[in-house]
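Data block below; observations after.
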Amino acid sequence: SYYKTNATRQLIDLPMDALSGYTAKKINAGDLQNTGFELVVDGRVLAKPNGFNWTTSFNYSRNNNTVESLADGVTRYNLGGFDDVAVLAVVGQKYGEIYGTKYSRVKDAASPFNGQILLNANGLPTRDPEIVKLGNQQAKALLGFTNSFDYRGVGLSFLVDARIGGEIFSATHVALQASGAGKVTAPNGERASFVADGVVSNGSGGYVANTKLVTPQDYWSAVATANNLGITEANLYDASNVRLRNVQLNYTLPRKFLANSPIKNAKFGVSANNVWLIKSHMNGIDPESVYATNSNATGFENAGLPTMRTFLINLALGF
Numbered sequence: 069s070y071y072k073t074n075a076t077r078q079l080i081d082l083p084m085d086a087l088s089g090y091t092a093k094k095i096n097a098g099d100l101q102n103t104g105f106e107l108v109v110d111g112r113v114l115a116k117p118n119g120f121n122w123t124t125s126f127n128y129s130r131n132n133n134t135v136e137s138l139a140d141g142v143t144r145y146n147l148g149g150f151d152d153v154a155v156l157a158v159v160g161q162k163y164g165e166i167y168g169t170k171y172s173r174v175k176d177a178a179s180p181f182n183g184q185i186l187l188n189a190n191g192l193p194t195r196d197p198e199i200v201k202l203g204n205q206q207a208k209a210l211l212g213f214t215n216s217f218d219y220r221g222v223g224l225s226f227l228v229d230a231r232i233g234g235e236i237f238s239a240t241h242v243a244l245q246a247s248g249a250g251k252v253t254a255p256n257g258e259r260a261s262f263v264a265d266g267v268v269s270n271g272s273g274g275y276v277a278n279t280k281l282v283t284p285q286d287y288w289s290a291v292a293t294a295n296n297l298g299i300t301e302a303n304l305y306d307a308s309n310v311r312l313r314n315v316q317l318n319y320t321l322p323r324k325f326l327a328n329s330p331i332k333n334a335k336f337g338v339s340a341n342n343v344w345l346i347k348s349h350m351n352g353i354d355p356e357s358v359y360a361t362n363s364n365a366t367g368f369e370n371a372g373l374p375t376m377r378t379f380l381i382n383l384a385l386g387f
């Protein structure tokens, strides 16, 4: 299936001058456009009425959410964030652009060090003061793969799903790095001084490779404590992940056991959701642990609780 939808006249809190006595006013405005497609393929691998049955299903979907317009005179709208980090709706761009700071870098196209991280005189990284776009919270694609097995009333099914693409900022890792509790602050369990990658000014307008030793404490303090949330780029992660989303086990009682009762059929089952995070790029944090659960800003997290694993027991009776 292919779709194209436009959501218009949405409720927006438009900021007002604080001297008016109000922080914002609610208006109807905006045009958000969703285009995308979904492909579903089902297959019956084995089909034996009195034996083993196996069905499988694969689905692939891709959605592109763009901001066509906001209120008159408004080109960007803050969906969430704090300090240097902001998730924005920007006219003409994808919904949920992530803005923040980057490492200071050499900006001299003629220099052989162009683009490399520029360190200060102490050999430590600094942040570029400019707030720039770093990524987007939208996934590029979603995948799902379901298999269902049945043998003489016993049914087993499982769903593996995946999110491909999109970014998320982690303030949890910022806090871990600033306190020295993050694994990255002590590679191989050691806290030896090291030479940070980058270049330093040679004092005459050029640059030389850095050779100054720094301690892990000084380095990660420079990365993670600047303006509270540190250098945004350092803790922006790929939100792609693969997980075993659901497992179900069911048993349908044979009809002969119900012949002398008012019950026509009975089915018992147990299931578990969010069973196993198989693969993630966030070093121990679930990319679904977003901070602003009351908004559409899913592109950052801050000390979010781990996502919940649930277990269900069910009994279905037919009369």
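Per this note's numbering, the very first residue in the sequence shown carries number 69; after that it's consecutive.
Idealized CB from N, CA, C, for every residue including glycine.
- Considering only LEU192, TYR167, GLY274 and ILE353, the residue with the shortest C-alpha distance to GLU198 is TYR167.
- Taking 4 residues as the minimum length, the alpha helix (DSSP H) runs contained wholly in the segment 284–314 are 284–292, in order along the chain.
- Burial state of PRO355 is buried, judged by a 10 Å Cβ sphere holding 16 or more other Cβ atoms.
- Setting aside the 5 residues that flank it on each side, GLY149 is surrounded in the same chain by VAL155, ALA365 and PHE368, each with a C-beta closer than 7 Å to its C-beta; the list follows chain order.
- Just measuring C-alpha positions, the residue of LEU147, GLY104 and TYR145 sitting nearest ASN131 is GLY104.
- In this structure, the alpha-carbon of GLY257 lies about 14 Å from that of GLN245.
- For secondary structure counted as the beta strand (DSSP E) over 3 or more consecutive residues, the segment 95–183 holds these complete runs in sequence order: 120–137, 144–150, 153–158 and 165–168.
- The continuous stretches of beta strand (DSSP E) do not include THR240, which lies in the alpha helix (DSSP H) extending over residues 239–247.
- A contact between stretches requires three or more CB pairs, one per stretch, nearer than 8 Å, and the segment 177–190 meets this requirement with the segment 269–284.
- The DSSP assignment places no complete run of the alpha helix (DSSP H) inside the segment 254–280 (cut-off: 4 residues).
- For ARG77, the enclosing beta strand (DSSP E) starts and ends at 70–83.
- Where SER363 is concerned, there is no enclosing beta strand (DSSP E), because DSSP gives it neither an H nor an E.
- About 5 Å separates the beta carbons of LEU385 and ALA334, which is inside the 8 Å limit, making them a contact pair.
- Taking 8 Å as the cut-off, the Cβ atoms of GLY223 and ASN318 count as close.
- Our two residues, GLN285 and LEU373, have alpha carbons roughly 27 Å apart in a direct line.
- With 16 or more other Cβ atoms from the protein chains shown falling within 10 Å of its own Cβ, GLU165 counts as buried.
- Between the alpha carbons of THR378 and ALA177 lies a distance of about 54 Å.
- Per DSSP, the unbroken beta strand (DSSP E) holding THR214 starts and ends at 209–219.
- With a cutoff of 8 Å on beta-carbon distance, THR194 and SER179 are scored as not near each other.
- According to the DSSP secondary-structure assignment, THR194 is paired through a beta bridge with no residue.
- Look at LYS324 here: in three-state DSSP terms it is helix.
- In the DSSP assignment, SER225 forms a beta bridge with SER216 and GLN316.
- In this structure, the alpha-carbon of ARG231 lies about 5 Å from that of ASN309.
- Between GLY248 and ASN190, the alpha-carbon positions lie close to 20 Å from each other.
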